[in-house]
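J.:
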Amino acid sequence: MGRQPCCDKVGLKKGPWTAEEDQKLVTFLLANGHCCWRAVPKLAGLLRCGKSCRLRWTNYLRPDVKRGLLSSEEERTVIDLHEQLGNRWSKIASQLPGRTDNEIKNHWNTHIKKKLRKMGIYPVTHKPLHQARFPPPLTRQEQDTGGGSPEKEEKEKEKAVVAIPQTWAQDVCADKVLWTPLYTSSCTAGDHYSGLPTTPRLFS
DNA sequence: AAGTTCGTCAACCGCGCAGAT
DNA sequence: TATCTGCGCGGTTGACGAACT
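If you read the first sequence in this note's numbering, its first letter stands for residue 28, the second for the next number, and so on.
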């Protein structure tokens, strides 16, 4: 049996939120809090799914959410944390009060990546471009700062393959550093690989 | 001035995890 | 133990305005 959709999509509104919808959601949540996101739209009188309401609230309507560009200090923090954690946007966001994972992710993709490239730093590995290497196959376990249960650790060890991030292909192409398909015969973004590649081929 | 391309960012989608039954 | 349900996360899309030709 397939997974049920998060909500019945028939008759539900999608796309940008109107001021009126925002008002309804804020009024409801401030008065009642949220016991269960699935029930929120119905109770608040909105034709949205619960997921959409949660996203709108956490990213834009929450009273403590900070708007506007990231300061240079915040940016530095994001870069440092990204180096340690990778694309764990929610973890990174938790270190920056008032910032959301979505905002940080967008800022990273549109501003920071570009800045790093200009500085000659490869944004995925945080290493100089000329030393660009395929990212080591870190498992979630390795990326997480905290430890896990021994069983979990064992399971993670078994996972010798990790997903190649789709951004990899984009980044590499943008910087005209293309990898030869030495590590796999038909490797594309989203595929899986095990082990490390050999050498990159540079295109001018 | 009009058309096209690029950059930004709000919002959606699908998946994985955890708790409940 | 297996299945169901809801939430949260990360990747991706698409609308829209700005910049460029």
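Glycine residues also receive a C-beta, built at the ideal position from the N, C-alpha and C atoms.
Every value quoted in this text rests on a predicted model; they were computed, and no experiment measured them.
Taking the Cβ atom as the reference point for each residue, do Pro68 and Cys76 lie within a distance shorter than 8 Å?
T.: The residue labelled residue 68 in the question sits at position 41 within the first sequence. The residue labelled residue 76 in the question sits at position 49 within the first sequence. In contact: Pro68 and Cys76 (Cβ atoms closer than 8 Å).
J.: In this structure, does DSSP put Pro150 in helix, strand or coil?
T.: By one-based count along the first sequence, residue 150 stands at place 123. Pro150 falls in the coil class under three-state DSSP.
J.: With distances taken between CB atoms, is the gap from Gly72 to Lys40 smaller than 8 Å?
T.: Mapped onto the first sequence, residue 72 falls at position 45. Mapped onto the first sequence, residue 40 falls at position 13. Result no, Cβ atoms of Gly72 and Lys40 do not sit closer than 8 Å.
J.: Is it true that the CB of Leu74 sits closer than 8 Å to the CB of Thr241?
T.: No information on residue 241 is available, as it lies outside the stretch 28 to 231 that the chain covers here.
J.: Are the beta-carbon atoms of His134 and Leu97 separated by less than 8 Å?
T.: Taking the first residue of the first sequence as position 1, residue 134 is located at position 107. Taking the first residue of the first sequence as position 1, residue 97 is located at position 70. Closer than 8 Å, so yes.
J.: So, for Pro43: in the same chain, excluding its five sequence neighbours on each side, which residues have a beta-carbon less than 7 Å away from its beta-carbon?
T.: On the first sequence, position 16 is the one that residue 43 refers to. Answer for Pro43: no residue qualifies.
J.: If distances are taken between C-alpha atoms only, which option among His138, Glu101, Thr137 and Asn136 comes closest to Ala120?
T.: The sequence position of residue 120 within the first sequence is 93, counting from 1. Nearest of His138, Glu101, Thr137 and Asn136 to Ala120, Cα basis: Glu101.
J.: Along the chain, where does the alpha helix (DSSP H) that runs through Thr104 open and close?
T.: Start at 1 with the first residue of the first sequence, and residue 104 comes out as number 77. Here the alpha helix (DSSP H) through Thr104 covers Ser99 to Leu112.
J.: Identify the residues that DSSP records as bridge partners of Pro10: which are they?
T.: Summary: the structure shown does not reach residue 10, with the chain confined to residues 28 through 231, and so no result is reported for it.
J.: Name the residue from Lys145, Asn86, Lys141 and Lys142 whose alpha carbon lies nearest to the alpha carbon of Trp116.
T.: In the first sequence, counting from the first residue as 1, residue 116 sits at position 89. Nearest of Lys145, Asn86, Lys141 and Lys142 to Trp116, Cα basis: Asn86.
J.: Since Gly93 and Arg144 are thought to touch, with beta carbons under 8 Å apart, how far apart are those beta carbons, to the nearest angstrom?
T.: Along the first sequence, read from residue 1 onward, the residue named residue 93 stands at position 66. Along the first sequence, read from residue 1 onward, the residue named residue 144 stands at position 117. Checking the sequence, you will find Lys at residue 93 rather than Gly. Incorrect: roughly 27 Å between the Cβ atoms, too far for contact.
J.: First and last residue of the alpha helix (DSSP H) that includes Gln50?
T.: Here the question's residue 50 lines up with position 23 in the first sequence. Ala46 to Asn59 is the extent of the alpha helix (DSSP H) around Gln50.
J.: Quick check on Lys132: does DSSP put it in helix, strand or coil?
T.: Taking the first sequence and counting its residues from 1, the one referred to as residue 132 is at position 105. It is helical.
J.: Mapping DSSP to helix, strand and coil, what is Leu70?
T.: Here residue 70 is taken as the residue at index 43 of the first sequence, counted from 1. Residue state, collapsed to three classes: helix.
J.: Mapping the DSSP letters down to three states, classify Trp116 as helix, strand or coil.
T.: Position 89 of the first sequence, counted from the start, is the residue given in the question as residue 116. Helix at Trp116.
J.: How would you label Pro150, buried or exposed, when you count the other beta carbons within 10 angstroms and need 16 or more for buried?
T.: The residue given as residue 150 occupies position 123 in the first sequence. So Pro150 counts as buried.
J.: Hey, quick one: how far does the alpha helix (DSSP H) through Leu82 stretch, first residue to last?
T.: Walking along the first sequence from the start, residue 82 turns up at place 55. Unbroken alpha helix (DSSP H) run through Leu82: Gly77 to Arg83.
J.: Using the three-state DSSP reduction, which class does Leu88 fall into: helix, strand or coil?
T.: By 1-based counting over the first sequence, the position of residue 88 is 61. Residue state, collapsed to three classes: helix.
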